[in-house]
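K.L.:
In our numbering, the protein residues as written are 292 to 814. We put the beta carbon where it would ideally sit given N, CA and C, even for glycine. The following block contains the structure, expressed as structure tokens.
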């Protein structure tokens, strides 16, 4: 996010070493649910990998196992000088990965995440100080090679496209000739380490609050993306260098920097630029990426608080529109939501309101898991909540307490950490398979299925924000469904609280509240 990310990086990385019941009548049978994922032309990513978070290299990896996917905030400068006045810059790059200039080993970080079953997408953001020939080049500004270059031309981004090639060469799945690697003398010339499959290109490039030197218009961002994708169709040959991630690893996926707004027109204008400026007319991005927050006014922190739930904010409906556009116009591209979340400082405008007897940590936890469920139902391919840890629990600024853990040096899990981990575990290897309509319109029932297995899971909850509780509610699942168990997320457990559940001809009777529960069945 805008202001907070700047604060967060300074704070986090300056020292890297350091309730009325309804009648119990049998519901009308629901329409048959599809047994396979619907909508997209691609095979949907399983929920344990769909569930992600924004995180940092100095977060404990055992704590990051609560999710299956990490969006890693990564400053370009960490690998290229970290602000040093004597860094040679492009084309004489002396790149450092392990250790990087601040001292972290990204080789170890990515390898260790992979060992724990957590995938990662580095979000390469920020410019470097040696661009434009001066030590004070603003890190938020567009990284054109020199002052005065047209940011809507791919040829203005050789330095960035070369760095993206180097990153993909080292961490992608393909070996490249050592002669193509530009690392400093203290670095091993490694390639094809096979620990990264996605690279995200920038963050919130539509930022209007930093001024025009920082804000990418759609045509300008498309130009940089085309350079970083494959050297603008291999038309960039300056200095005999290789440019763009696809020239290092054709299987590496370029993720569009997350847009701060859900702006389909931005995507449409990018598409127009690609068709007009690339010989192959290819949309040179593999994943569309957006940020969505449930501010009271539906737009920003300026409307005050408290925040609203993912259902009240229309997460599913808003993202369904974007997924529909993707399906019709850009089949095969992924759709990501790489930021969403709620604060736990009650004075923040992004904090939930008081609801019944629930504390704010409980509401944050249930709204986060409901958000993942809503986004999955919309057809989103990956979702990363914001973020792994708090900046400062005492700070009422929006985004400062969005974490699922305490701040750096603490990392104490919140309820949300346990709830998300539980959902990840119960939905492992499963994909969204459709919605059941209940007799009560306030009740959501989403089905998740595992390919090649008789197991399915139904996520069930009330979408309201009034502490609604419905006891002994009958739900008609699939006619062949035999209930096995019901899992409720609870604080302190990563597998929740499980109890056996019986059914009769696919009919179960359970208590429903605003906290999702997960019913495991055989079908």
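Going by DSSP, name the residue or residues bridged to residue 813.
P.N.:
In the chain shown, counting from the first residue as 1, residue 813 sits at position 522. DSSP output for residue 813 lists 746 and 773 as bridge partner(s).
K.L.:
With 16 as the cutoff for other CB atoms within 10 Å, does residue 395 come out buried or exposed?
P.N.:
Numbered from 1 along the chain shown, position 104 holds the residue referred to as residue 395. The residue is buried, with at least 16 neighbouring Cβ atoms inside 10 Å.
K.L.:
Taking its Cβ as the centre, do 16 or more other Cβ atoms sit within 10 Å of residue 365, making it buried, or is it exposed?
P.N.:
The sequence position of residue 365 within the chain shown is 74, counting from 1. That one is buried.
K.L.:
Grouping DSSP H, G and I as helix and E and B as strand, with all else coil, what is residue 499?
P.N.:
Within the chain shown, the letter at position 208 stands for residue 499. DSSP places residue 499 in coil when its eight states are reduced to three.
K.L.:
Going by CA-CA distance only, name the one from 794, 447 and 785 that's closest to residue 516.
P.N.:
For the purposes of this step, residue 516 is identified with residue 225 of the chain shown, where counting begins at 1. Among 794, 447 and 785, the Cα nearest to that of residue 516 is on 447.
K.L.:
Would you report the Cα separation of residue 325 and residue 526, rounded to the nearest angstrom?
P.N.:
Taking the first residue of the chain shown as position 1, residue 325 is located at position 34. Taking the first residue of the chain shown as position 1, residue 526 is located at position 235. Bear in mind that the predicted position of residue 325 carries a pLDDT of just 33, short of 50, making it unreliable; the figure below should be weighed with that in mind. Looking at the two C-alpha atoms, the distance is approximately 45 Å.
K.L.:
List the DSSP bridge partners of residue 410.
P.N.:
Taking the chain shown and counting its residues from 1, the one referred to as residue 410 is at position 119. Answer is 360, bridged to residue 410.
K.L.:
Taking the alpha carbon of residue 707 as the reference point, which residue from 727, 676, 723 and 699 has its own alpha carbon closest?
P.N.:
Here residue 707 corresponds to residue number 416 of the chain shown, with the count starting at 1. It is 676 whose Cα lies nearest to the Cα of residue 707.
K.L.:
Give me the residue from 693, 474 and 456 with the minimum Cα distance to residue 523.
P.N.:
Taking the chain shown and counting its residues from 1, one reaches residue 523 at position 232. The candidate whose alpha carbon is nearest that of residue 523 is 456.
K.L.:
Throw me the rounded Cβ distance for the residue 627 and residue 546 pair, which I believe falls under 8 Å.
P.N.:
On the chain shown, residue 627 is found 336 positions in, with the first residue counted as 1. On the chain shown, residue 546 is found 255 positions in, with the first residue counted as 1. Confirmed, Cβ separation roughly 7 Å.
K.L.:
If I follow the unbroken alpha helix (DSSP H) through residue 708, where does it start and stop?
P.N.:
For this step, residue 708 is matched to residue 417 along the chain shown. That run of the alpha helix (DSSP H) goes 706-717.
K.L.:
Closer than 8 Å by C-beta to residue 354: which residues in its own chain qualify, once you throw out the five before and the five after it? Chain order, please.
P.N.:
Along the chain shown, one-based indexing puts residue 354 at 63. Around residue 354: 679, 696, 702, 704 and 708.
K.L.:
Mind the definition here: the region 336-345 touches the region 387-404 only if three or more C-beta pairs lie below 8 Å; say whether that holds.
P.N.:
In short, these stretches do not touch, since the Cβ pair count stays below three.
K.L.:
Report yes if the CB atom of residue 411 is closer than 9 Å to the CB atom of residue 487, and no otherwise.
P.N.:
Looking up residue 411 in the chain shown gives position 120. Looking up residue 487 in the chain shown gives position 196. Cβ distance < 9 Å, so residue 411 and residue 487 count as in contact.
K.L.:
Excluding the five sequence neighbours on either side, which residues of its own chain have a C-beta within less than 6 Å of the C-beta of residue 737, listed in chain order?
P.N.:
Sequence index remark: in the chain shown, residue 737 carries index 446 (1-based). 664, 668, 726 and 750.
K.L.:
Which one of 460, 352 and 670 has the shortest CA to CA distance from residue 399?
P.N.:
Residue 399 sits at position 108 when you count from the first residue of the chain shown. Cα-wise, what sits closest to residue 399 is 352.
K.L.:
How far does the alpha helix (DSSP H) with residue 607 in it reach, from first residue to last?
P.N.:
Along the chain shown, one-based indexing puts residue 607 at 316. Taken as a continuous stretch (DSSP letters only), the alpha helix (DSSP H) holding residue 607 covers 606-620.
K.L.:
Span of the beta strand (DSSP E) holding residue 285?
P.N.:
Outside the shown range of the chain, which is 292 to 814, sits residue 285, and nothing can be said about it.
K.L.:
Tell me whether residue 757 sits in a helix, a strand or coil according to DSSP, three-state version.
P.N.:
Position 466 of the chain shown holds residue 757. In this structure, residue 757 counts as coil in the three-state DSSP scheme.
K.L.:
Cα separation between residue 582 and residue 610?
P.N.:
To locate residue 582, count along the chain shown from 1; it is residue 291. To locate residue 610, count along the chain shown from 1; it is residue 319. Using only the alpha carbons, I get a separation of about 10 Å.
K.L.:
Whose C-beta lies closer than 7 Å to the C-beta of residue 654 among residues of the same chain, with five residues either side of it excluded?
P.N.:
Here residue 654 refers to the residue found at position 363 when the chain shown is read from its first residue. 643 and 646, listed in sequence order.
K.L.:
Could you please give me the residues that DSSP links to residue 453 through a beta bridge?
P.N.:
The residue labelled residue 453 in the question sits at position 162 within the chain shown. In the DSSP output, where bridge partners are listed per residue, residue 453 has none listed.
K.L.:
Can you give me the C-alpha to C-alpha distance between residue 467 and residue 479, rounded to a whole angstrom?
P.N.:
Walking along the chain shown from the start, residue 467 turns up at place 176. Walking along the chain shown from the start, residue 479 turns up at place 188. Distance between the alpha carbons of residue 467 and residue 479: 14 Å.
K.L.:
Per DSSP, which residues does residue 366 bridge with? Please list them.
P.N.:
One-based indexing of the chain shown puts residue 366 at position 75. Paired residues: 416.
K.L.:
Assuming the contact rule is C-beta atoms closer than 8 Å, residue 814 and residue 772 should be a hit. Round their C-beta distance to whole Å, please.
P.N.:
Position 523 of the chain shown, counted from the first residue, corresponds to residue 814. Position 481 of the chain shown, counted from the first residue, corresponds to residue 772. Sure, about 5 Å apart at Cβ, within 8 Å.
K.L.:
Mind checking which residues open and close the beta strand (DSSP E) that includes residue 739?
P.N.:
Walking along the chain shown from the start, residue 739 turns up at place 448. First-last of the beta strand (DSSP E) with residue 739: 734-740.
K.L.:
Pull up the CB-CB distance for residue 557 and residue 509, whole angstroms please, since I reckon it's below 8 Å.
P.N.:
Here residue 557 refers to the residue found at position 266 when the chain shown is read from its first residue. Here residue 509 refers to the residue found at position 218 when the chain shown is read from its first residue. The pair is a contact, with the Cβ atoms about 5 Å apart (cut-off 8 Å).
K.L.:
Using the three-state DSSP reduction, which class does residue 338 fall into: helix, strand or coil?
P.N.:
Translated into the one-based positions of the chain shown, residue 338 becomes position 47. Helix at residue 338.
K.L.:
Under a three-way DSSP split, which group does residue 722 fall into?
P.N.:
Taking the chain shown and counting its residues from 1, one reaches residue 722 at position 431. In this structure, residue 722 counts as strand in the three-state DSSP scheme.
K.L.:
In whole angstroms, give me the CA-to-CA distance for residue 585 and residue 741.
P.N.:
The count along the chain shown starts at 1 and reaches residue 585 at position 294. The count along the chain shown starts at 1 and reaches residue 741 at position 450. The alpha-carbon atoms of residue 585 and residue 741 are separated by roughly 31 Å.
K.L.:
By Cβ distance, which residues of its chain are closer than 6 Å to residue 607, with the 5 residues on each side in sequence left out?
P.N.:
Within the chain shown, numbered from 1, the residue matching residue 607 stands at position 316. Hits under 6 Å: 665, 668 and 669.
K.L.:
According to DSSP, is residue 580 part of a helix, a strand, or is it coil?
P.N.:
Position 289 of the chain shown holds residue 580. DSSP places residue 580 in strand when its eight states are reduced to three.
K.L.:
Return the chain-ordered list of same chain residues with a C-beta closer than 6 Å to the C-beta of residue 580, the five sequence neighbours on each side being excluded.
P.N.:
Indexing the chain shown from 1 puts residue 580 at position 289. Here the set comprises 546, 547, 549, 627 and 629.
K.L.:
Work out the CA separation of residue 806 and residue 603 for me, nearest whole Å.
P.N.:
As a first step, residue 603 must be located in the chain shown, where it is residue number 312. As a first step, residue 806 must be located in the chain shown, where it is residue number 515. Cα to Cα, residue 603 sits roughly 15 Å from residue 806.
K.L.:
Roughly how many angstroms lie between the CA atoms of residue 614 and residue 784, to the nearest whole one?
P.N.:
Along the chain shown, one-based indexing puts residue 614 at 323. Along the chain shown, one-based indexing puts residue 784 at 493. Approximately 34 Å between the Cα atoms of the pair.
K.L.:
First and last residue of the beta strand (DSSP E) that includes residue 785?
P.N.:
Along the chain shown, one-based indexing puts residue 785 at 494. It is not in any beta strand (DSSP E) - residue 785 carries neither H nor E in the DSSP assignment.
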